[in-house]
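Visitor: My questions will all concern the structure given below.
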Amino acid sequence: MKALYLDCRFGLGGDMFLAAMHDLGVDLSLLQRIFIEAGIYVSIAPVSTMRQSIVGASLSIEWPDAQPLRHLPEIVSIIEKLSVSNDVQTRSINAFERLAEIEAAVHGKAVQDIHFHEVGAIDTLVDVIGAFWAVEQLGITSITASKLPWFSGTVECEHGTLPLPAPAVLELLKGKPVFATECEQELITPTGALLIDQLVTDFKSGADGVLLQTGLGYGQRESGGGLRISLLESEIQAQTTSSNPDTITDEIYVLESHIDHLTGEELGRCFDIFMDAGALDVFFTAGVMKKNRPAGSLKVLCKPSELAKIEQLFFAHTHTLGIRRQKTERVLLPRKEERTETPFGEMDGKSYSVDGMTISKPEYEELVKFSKKTGRSLPELRYMLYGNTKP
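This is the structure we're talking about:
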């Protein structure tokens, strides 16, 4: 199980979080494509940034047109157009609903009368939606954080000059641990406070688990440090893996959809597209669906790192209206590729061990090659190889 720890001692903004996730390895070009395909033309460009002699990442988000003031239903409509999972959509909508309720309470208005100004801008939409999307990309199941810095000063906004922290930030920070600083700048933005409120389940003095990788994200302030995030494997997962040294444990995604509208040629083409894109396996189980139509279940197995790409291809090449997604754990036997001497010559294959016995198997393509060369059938070749029978 993957966990994330946020070191917020220097503050937190939505752009800082997304930049730090990029520094961990999340491909933000995929996020940009998701927005563009939904008609939101935005450039999301990570920038390598050095501050205080430490290299991290910052984020440049640009869009061509002036943005209107948006009410909650308009933001929900944008989210629903994005080709992201139901979970990302739901969490994003819940986050903006939470913010709308707070803004309504602060300004004494009804939720439906609240319009988002700074928070309704494209960069904030990218920060919030992108945060949930990026967390899903890395298969993170829990997020903890450090205490949050308390800051002062003032900020100019549509309502005039307001003291820091801003009223919405104060509401979002209620119930969270803070520590005093002398800083008179905005260390935690409304978007950052919203992410803390929606993502973080506990506050700890440090990371807890097996450290896998760290990322560093900088905000727009030229001074001060950035947000350091740590990707961890939970100790339970680490102990489970180490207690059985003969196997390897990892997580994969299973994507599934019922298909009743594709021709055989179109369905076959999907197999090639998925495998070329890095899918672990693709299979189709025939059946009968509603209205007695011949149909079937199309399933694609993929690694978390390939999820966004495979999911996008699934929609694009099947035109299905929905995909069921399941994250599952698998246990593998270690294997290695090798070139083995056989009665027919050298063959590429794999070897693995079961109960202390090493087993070698040739690749299918190698069997086909020698079948053509010798004129023998595949079953005959397999029998001769596995039965140790000489030709």
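The letter at position 101 of the sequence shown is residue 144 when you use the numbering used here, and the numbering goes up by one with no holes.
Built from N, CA and C at the ideal position, the CB exists for glycine as well.
Output needed for residue 221: all residues of its chain with C-beta closer than 8 Å, excluding positions within five of it in sequence on either side, in chain order.
Guide: 190, 191, 192 and 193
Visitor: Taking just the CA atoms, how far does residue 382 sit from residue 426?
Guide: 19 Å
Visitor: Look at the Cβ atom of residue 258, then the Cβ atom of residue 66, and state whether they are nearer than 8 Å.
Guide: yes
Visitor: Count the CB pairs spanning the stretch 205 to 213 and the stretch 224 to 236 that are closer than 8 Å, and state whether there are at least three.
Guide: yes
Visitor: Can you find the residues in the same chain that come closer than 8 Å, C-beta to C-beta, to residue 149, ignoring five residues on each side of it along the sequence?
Guide: Apart from sequence neighbours up to five positions away, the residues of its chain that approach residue 149 with a beta-carbon distance below 8 Å are 210, 211 and 214, ordered along the chain.
Visitor: Would residue 342 pass as a contact of residue 299 if the rule is Cβ separation under 8 Å?
Guide: yes
Visitor: On a CA-only basis, which of 272, 261 and 239 is nearest residue 255? Give me that one, please.
Guide: 272
Visitor: Per DSSP, what kind of secondary structure is residue 85 in: helix, strand or coil?
Guide: coil
Visitor: Run through DSSP, which three-state label would residue 309 get?
Guide: Shown here, residue 309 sits in a helix according to DSSP, grouped into three states.
Visitor: To the nearest angstrom, how far is it from the Cα of residue 71 to the Cα of residue 165?
Guide: 15 Å
Visitor: Once the 5 residues before and after residue 279 are set aside, which same chain residues still bring their CB inside 8 Å of it?
Guide: No answer about residue 279 holds up, because its pLDDT of 48 lies below 50 and its placement is not dependable.
Visitor: Does DSSP put residue 362 in a helix, in a strand, or in coil?
Guide: Residue state, collapsed to three classes: coil.
Visitor: On the CB-based measure, 16 or more other CB atoms within 10 Å of its CB, does residue 113 come out buried or exposed?
Guide: buried
Visitor: Assuming residue 188 contacts residue 375 (C-beta within less than 8 Å), just tell me the rounded distance between them.
Guide: That belief does not hold up - the Cβ atoms of residue 188 and residue 375 are roughly 33 Å apart, past 8 Å.
Visitor: Could you check if residue 282 is buried or exposed, using at least 16 other CB atoms within 10 Å of its CB as the buried criterion?
Guide: Caution applies to residue 282, whose pLDDT of 48 falls short of 50 and renders its modelled position unreliable; the value that the coordinates give is listed next. Looking at its Cβ environment, which holds fewer than 16 other Cβ atoms inside 10 Å, residue 282 is exposed.
Visitor: Using three-state DSSP, classify residue 382 as helix, strand or coil.
Guide: strand
Visitor: Specify the secondary structure class of residue 118 as computed by DSSP and reduced to three states.
Guide: Residue 118 falls in the helix class under three-state DSSP.
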